[in-house]
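Working notes for the structure below.
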Amino acid sequence: KRVNINFIEVLGVDHERKTLGAIPTLLKELIFQEAIDCFCGMLPKNEINTDLMKKIAKCWELDLSRVNYYNDLYKPSISIKNNVLQCGRVKLKSLKKSSSRANSSLSSDSSSSSSSSRDDRKENKEEEKKKENSKEMTRNFAFTSHALSLIEKIGCCIYHNEPVLLVGETGCGKTYLTQFLASQLNQTLVVQNLNQQSDSTDLLGGFKP
């Protein structure tokens, strides 16, 4: 059974320590995962990160061995089926395609029907091409513990409609990871290359006299 809990209740539980025993261990671990993603996700894996994770675990009365598990051994499972991508604790549904034939009006005119047939064939070819690209990306994607942890964290941000900033060296997989998620969720990915000379008009557009 899913338990809904808001941030105010989390803070209240932290102050009233006697109520911690009433919270199931599984729920504590889920809250612990959310907390380390929020407060430790931007930190490199060093002593500062580990110490912060230990303080969060102590706050929720979790065994410190769970810190070592989530820091070194945790590898979320992933499953992609029935238009649903599930990675660890997050589950995302892919975007459903609307058929152009359903949106088009019925007509007895032969030229209109032939045009609709061509559009349908074109859409089917594009859909098959996208499916093949998605399968190819799945075959070529390396499901390492680091990659799966990133997918889970990004998936949580997508689920809660929060912005994401990926930081890393060139070639570490930021773009490919984003392309993989977009292809699995059937989303259109818009790529905008920015540099030091970029300004707001590159994203928002503007009027020229």
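Straight run, no breaks: the sequence shown in the numbering used here ends on number 213.
Every residue, glycine too, gets a C-beta built ideally from N, C-alpha and C.
Since we're looking at a predicted model, the values are computed, not measured.
- Contact between residue 203 and residue 196 does not hold, since the beta-carbon distance rounds to 12 angstroms and is not under 8 angstroms.
- Between residue 60 and residue 147, the gap from beta carbon to beta carbon reaches 9 angstroms or more.
- About 4 angstroms separates the beta carbon of residue 99 from that of residue 190, a gap short enough to meet the 8 angstroms contact definition.
- Under DSSP, residue 94 forms a beta bridge with 91.
- Burial state of residue 157 is buried, judged by a 10 Å Cβ sphere holding 16 or more other Cβ atoms.
- When rounded, the separation of the alpha-carbon atoms in residue 46 and residue 171 is 9 angstroms.
- When secondary structure is reduced to three states using DSSP, residue 85 falls in the strand class.
- Proximity to residue 68 across 145, 36, 184 peaks at 36, based on C-alpha coordinates.
- Going by C-alpha positions, residue 93 is about 12 angstroms away from residue 79.
- In the three-state scheme derived from DSSP, where H, G and I count as helix and E and B as strand, residue 150 is classed as helix.
- Remark: C-beta atoms of residue 40 and residue 73 do not approach each other more closely than 9 angstroms.
- Between residue 71 and the set 87, 201, 32, the nearest pair of CA atoms involves 32.
- If you draw a straight line from the Cα of residue 201 to the Cα of residue 179, it comes to about 21 angstroms.
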